[in-house]
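Top to bottom, those sequences are chains A, B and C.
Numbered continuously in my numbering, the first sequence closes out at residue 318.
Numbered continuously in my numbering, the second sequence closes out at residue 1333.
Numbered continuously in my numbering, the third sequence closes out at residue 2320.
Every residue gets a Cβ at the ideal spot worked out from N, C-alpha and C, and that includes glycine.
Report on one structure; see the data block that follows.
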Amino acid sequence: MKKFLCAVWLATGVVLPLSSQAQQALTIGYATPELSSSFWISMTYGVESEARKLGVNLVKLNAGGDSNVNAQISQIQDLIERKVNAIIVGATNANGVKPVIESSIGKGIPVIGLSSIPNASGLSSAISADHYDMGRLQAHCLGKALNGKGAVALISQQQGQSWADTRRRGFIETIQKEYSGIRIVAESRKQVTRNGAINLVEDWLQRFPDINGIYNAVDDTAAGAWLAVKSAQKEGSVRIAASNLSSNAQQMLRNGELVCTSAQQIVTQGREALRQAVQAAKKEPTKPTIETPSILVDRNNLGALDLSLLTAPADYRP
Amino acid sequence: MNTQLSSASSQPWSRLPRLQQMTSLNAQALSGPMACMLMIAVMASISPGFVSANNFGNIFSQSSVLFVLAIGQMFVILIRGFDISVGAVAALASVVAVQAMPHVGESAAIMLGIMTGLLAGALNGYLIACHGLQPIVVTLGTTLVVRGAATALEEAADSMSLGGDGMLQLLGYAAFLGLPLLVWLAAIISLSAWLITRWLPFGRWLYMVGGNPEAARLVGVPVRSTETLAYALCGACAGLAGMFLLARSGTAIATEGAGMELQAIAACVIGGIALGGGRGSVWQALAGALFIQALLNGLNLLGSSPFVSEMVLGAVIVSAGILDYVVRKFKRD
Amino acid sequence: MHMLKRWPASLWVFIALFIACLIAVPRFGTVQNFVNLGRMAAILALVSIGQGVVIMVRGLDFSIGSAVALFSVATVLCAPVLGVAPAFGIGAVAVLCLGMLNGVLISYLKLPAFLVTLGAMIGVHGLCSVLVGGVPIEAPVGIDMSGLAHAGWFGIPVPAWLAAVAFGGSYVLMEYTSFGREAHLIGSNPRAAELAGIPVPLRILQAYVLNAMLVAVAGAVLTSRLGSGQPNLYPELPFEAIAACAIGGIPLTGGKGSPLHAVLGVCILALFMNALVLFNFPTYLQSMLLGVLIVESVLVQHLAGRFAWRAGSAQMQTNT
Chain A
1 MKKFLCAVWL ATGVVLPLSS QAQQALTIGY ATPELSSSFW ISMTYGVESE
51 ARKLGVNLVK LNAGGDSNVN AQISQIQDLI ERKVNAIIVG ATNANGVKPV
101 IESSIGKGIP VIGLSSIPNA SGLSSAISAD HYDMGRLQAH CLGKALNGKG
151 AVALISQQQG QSWADTRRRG FIETIQKEYS GIRIVAESRK QVTRNGAINL
201 VEDWLQRFPD INGIYNAVDD TAAGAWLAVK SAQKEGSVRI AASNLSSNAQ
251 QMLRNGELVC TSAQQIVTQG REALRQAVQA AKKEPTKPTI ETPSILVDRN
301 NLGALDLSLL TAPADYRP
Chain B
1001 MNTQLSSASS QPWSRLPRLQ QMTSLNAQAL SGPMACMLMI AVMASISPGF
1051 VSANNFGNIF SQSSVLFVLA IGQMFVILIR GFDISVGAVA ALASVVAVQA
1101 MPHVGESAAI MLGIMTGLLA GALNGYLIAC HGLQPIVVTL GTTLVVRGAA
1151 TALEEAADSM SLGGDGMLQL LGYAAFLGLP LLVWLAAIIS LSAWLITRWL
1201 PFGRWLYMVG GNPEAARLVG VPVRSTETLA YALCGACAGL AGMFLLARSG
1251 TAIATEGAGM ELQAIAACVI GGIALGGGRG SVWQALAGAL FIQALLNGLN
1301 LLGSSPFVSE MVLGAVIVSA GILDYVVRKF KRD
Chain C
2001 MHMLKRWPAS LWVFIALFIA CLIAVPRFGT VQNFVNLGRM AAILALVSIG
2051 QGVVIMVRGL DFSIGSAVAL FSVATVLCAP VLGVAPAFGI GAVAVLCLGM
2101 LNGVLISYLK LPAFLVTLGA MIGVHGLCSV LVGGVPIEAP VGIDMSGLAH
2151 AGWFGIPVPA WLAAVAFGGS YVLMEYTSFG REAHLIGSNP RAAELAGIPV
2201 PLRILQAYVL NAMLVAVAGA VLTSRLGSGQ PNLYPELPFE AIAACAIGGI
2251 PLTGGKGSPL HAVLGVCILA LFMNALVLFN FPTYLQSMLL GVLIVESVLV
2301 QHLAGRFAWR AGSAQMQTNT
């Protein structure tokens, strides 16, 4: 029995180092703020499909929500502990993850910022999404659809989340500057689900019967807003706009339920982020900033778009 | 303990039979640390990089926030209550501290943050103890009010970040004798809490009020003050946790902490502190917090599909209770 | 005075609040608003009655938000293959299985309800996310599920009828049958219930299964309304249900209360939330006011209860 055990110990002692030698593939860490919106799912699809193509291991960690900064800090610390070759970070809060990211860079693990860029110096690359532009495009779309006159309500999502605040700012400032005939009568700045949006919009239509436009920070609440508008029988008079391009948003565009949605080449951004991470891991030069433009998608140009750059396939499971 | 009681023989509560919960180390009390060790063993075998001095240092420093929250929660669970506002209170404390810092300096701002927590807790305690309202409703109401206040303050602020190199930022990432500073602080707080529950009369009152409020009232324990103070302490711990959060992230986030209150209560329950009140101690809360943090850390290191990790997290939380069941059955047989 | 003491204090709070809303809240008193309110309150009423039964036997169920999400995901995944009605059946089976699992762990293995339902909440959410890949999955074009949510009898939406039937049935169950009496005893004194020969674990399991049935009905209404399978369908549901029970007057220590309290709590809560949106306050202020109002309503009930007791005892003194 003792001899057998000794043999086992010896064997593991020999085999383990050999196997670790064999695994020379890069390991990239990926810290995403949440995985409950089509935005970040598509982003993750971009990162993961590129990782599979290039043959690198990907460690995906999900903070579970934009407000879970403490959890994300722990996750980045754990990625550092796991000695990954590079880390891609979509920050829950740009300032909140700054200390831990600087610590990672200090320990020699390069960091790539993706979409929600950490406010740290020394990032190897920053692939950014222009959230202000997404709000601005929605404003132009709604402004034109309402002929410059009317009352809009905003489902802006949680106050304090930078992407939501930036999109909202883009929308409000554009409306105030260029469509002064449009009043903003109501706004919700907490986390709203599709079901919550139904109740919210029903109550708003009750209180402000003259609402003719609804801004949505994400496309999921647009679906709820539509259900409320339909049940109040105001399909003809209320126009709904959104951001993000999930498959549901695409269907809503085709059905004429959604006037337009502002979108970004999210999958492209994810792929680029992984490519830059691999460059940084191999100590090769990286591009400091990469920006992809926002697009306004409506029923007319939906068919002409290359959706594989914008959204993950329907059967993707992170 | 014996000498303590006999020297206080003129006090009414010394005539009560010695409260077993406070001193005996029965198997049930050990189920928390056992669960913890089992978790560490499992994670050590499946998660790459789990077993290293650095990683254990990480786990301890990451769990410092949960430690402090769990200790605060212990005070109120002992008196048959619980406080689901601690996440929101921690966020508010950090917002208040950051906003006050340019005006009153760092140490005073930290004190102010902790005071905010204390006041919020005292408000909870007043409503629950003096008016007899249900803890769930009061703390739910407080959560909503505090979150709203934190969001409003954040909106009105110029900057939510700690400027420059202050004491707090040093706290977040520096180490002393190999262990992160946050761990030392959490250890000091745990020690203070342990001293409160063991040596102060207030500690004895907590167990008495939790075990049998009517009997406690009859022997002269000031039940209302005890309960109010327990909630105030819980709030102060939440304020402290807010300072720890600030140390780690350097920024006050008004929406932070959502879900941490449930984790803190789960930590206490896993550690073996029953929600029925009257029994439990500081190290049980710590064992439970360590269990949860080791679990989260191990799942992070494994890096499997994030959704599968979530399923595993849920299953393990349920299983933590099963260990308690096994221990109970073993005790009976 | 005698009449006053028979009705729960929350009824008077509700009536006072309703009158205040009629006077002060803009555009509150219209038929359309009451229909909206009724639809929203119906869903909350179904789950709050179930939560009330569970709370009465000293339990708690945090997993109902994830349970309705599971219903929606299971239904929408099965609908293309099995058709609408059988798919709803699968959803109901999934929720009932979850409820039974919770119940067995809590009643027979005597695990803490807090841990079990918290773990179930997290685990089932992860399961739903795994099944749909994180993003909501829509019912395929051509399959219409909206019948349940939008149909109406005599002008009142079907969900409201379902809630009314559920209320009637559970009120009779809890107040007039032996199950109800035993449940009250188990909640107020579990030892005594055991000694009296009541099969305590079985009753607790039945309470969780009853809760699961009501949650399944709520899940059906929500799925029908949205036509989509969502992991994040209604995460606040358990907290709203527990709050409604507590506002209505069901203490979390168990043993007291009835479905009437749960429904009154739902009415008060739904009224508050409706009024806050109609007032159009900024979101953070709505959140603060909701918190204040929740605490105030229980405070008022508590003080009203003491006032009624004093008035009653004063009356007794004058009578003797």
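Any chain A beta carbon closer than 8 Å to residue i
i, result
"residue 1254 of chain B", "yes"
"residue 2135 of chain C", "yes"
"residue 1979 of chain C", "Missing from the structure shown is residue 1979 of chain C; chain C here goes from 2001 to 2320 and no further."
"residue 1245 of chain B", "yes"
"residue 1065 of chain B", "yes"
"residue 1151 of chain B", "yes"
Those residues which DSSP pairs with residue i across a bridge
i, result
"residue 62 of chain A", "A:32"
"residue 298 of chain A", "A:260"
"residue 89 of chain A", "A:31, A:113"
"residue 289 of chain A", "A:126"
"residue 1179 of chain B", "B:1176"
"residue 154 of chain A", "A:187, A:215"
"residue 242 of chain A", "A:261"
"residue 1334 of chain B", "For chain B, the structure presents residues 1001 to 1333; residue 1334 of chain B sits outside this window and is missing."
Test: residue i CB closer than 8 Å to a CB of chain C
i, result
"residue 27 of chain A", "no"
"residue 1142 of chain B", "yes"
"residue 1186 of chain B", "no"
"residue 186 of chain A", "yes"
"residue 202 of chain A", "yes"
"residue 994 of chain B", "In the structure displayed, chain B extends from 1001 to 1333; residue 994 of chain B sits before or after that span and is not available."
"residue 1311 of chain B", "yes"
"residue 1231 of chain B", "no"
Under 8 Å by beta carbon: chain B residues contacting residue i
i, result
"residue 81 of chain A", "1049, 1052, 1054, 1055, 1058, 1301"
Partner residues on chain B for residue i, Cβ-Cβ distance less than 7 Å
i, result
"residue 59 of chain A", "1303"
"residue 2018 of chain C", "Ordered by position in chain B, no residue passes the 7 Å Cβ test against residue 2018 of chain C, which lies about 21 Å from the chain."
Proximal residues of chain A, C-beta to C-beta of residue i below 9 Å
i, result
"residue 1258 of chain B", "65, 67, 68"
"residue 2226 of chain C", "194, 195, 198, 223, 224, 227"
"residue 2030 of chain C", "206"
"residue 1154 of chain B", "159, 160"
"residue 2027 of chain C", "206, 207, 208, 209"
Same chain only: Cβ atoms within 6 Å of residue i, ignoring 5 sequence neighbours per side
i, result
"residue 2043 of chain C", "2218, 2221"
"residue 2136 of chain C", "2228, 2230"
"residue 1241 of chain B", "1065, 1068, 1069, 1090"
Closer than 7 Å at the beta carbon, the chain A residues around residue i
i, result
"residue 2040 of chain C", "199"
Chain C contact residues for residue i, given Cβ-Cβ distances below 9 Å
i, result
"residue 318 of chain A", "2129, 2133, 2134"
Residue from the options with nearest C-alpha to residue i
i, options, result
"residue 114 of chain A", "A:107, A:125, A:105, A:60", "A:125"
"residue 1153 of chain B", "B:1047, B:1030, B:1252, B:1125", "B:1252"
"residue 2087 of chain C", "C:2094, C:2262, C:2079", "C:2079"
"residue 2261 of chain C", "C:2170, C:2296, C:2067, C:2122", "C:2170"
"residue 1139 of chain B", "C:2067, C:2295, C:2108, C:2056", "C:2295"
"residue 1159 of chain B", "B:1099, B:1269, B:1232", "B:1099"
"residue 143 of chain A", "A:100, A:166, A:184", "A:184"
"residue 242 of chain A", "A:260, A:236, A:164", "A:260"
"residue 2102 of chain C", "C:2033, C:2212, C:2232, C:2157", "C:2212"
"residue 968 of chain B", "B:1195, B:1078, B:1167, B:1330", "Since the first residue shown for chain B is 1001 and the last is 1333, residue 968 of chain B is missing from the structure and cannot be characterised."
"residue 2023 of chain C", "C:2313, C:2279, C:2306", "C:2279"
"residue 128 of chain A", "A:253, A:237, A:89, A:34", "A:89"
is_contact[residue i, chain D] using C-beta, thresh 8 Å
i, result
"residue 1147 of chain B", "Among the protein chains of the structure shown, namely A, B and C, there is no chain D."
Own chain residues within Cβ distance below 8 Å of residue i, not counting five before or after
i, result
"residue 98 of chain A", "118, 119, 120"
"residue 285 of chain A", "279"
Residue-chain proximity (residue i, chain B), Cβ-Cβ < 8 Å
i, result
"residue 2256 of chain C", "no"
"residue 22 of chain A", "Because the pLDDT of residue 22 of chain A is 42, which lies under 50, any placement of that residue in the model is unreliable, and the number read from its coordinates should be weighed accordingly. By this cut-off, residue 22 of chain A is not an interface position."
"residue 2116 of chain C", "yes"
"residue 2059 of chain C", "no"
Within chain A, the residues that residue i reaches when beta carbons sit closer than 8 Å
i, result
"residue 2274 of chain C", "203"
"residue 2076 of chain C", "Those within 8 Å of residue 2076 of chain C in chain A number zero; the least Cβ separation is about 12 Å."
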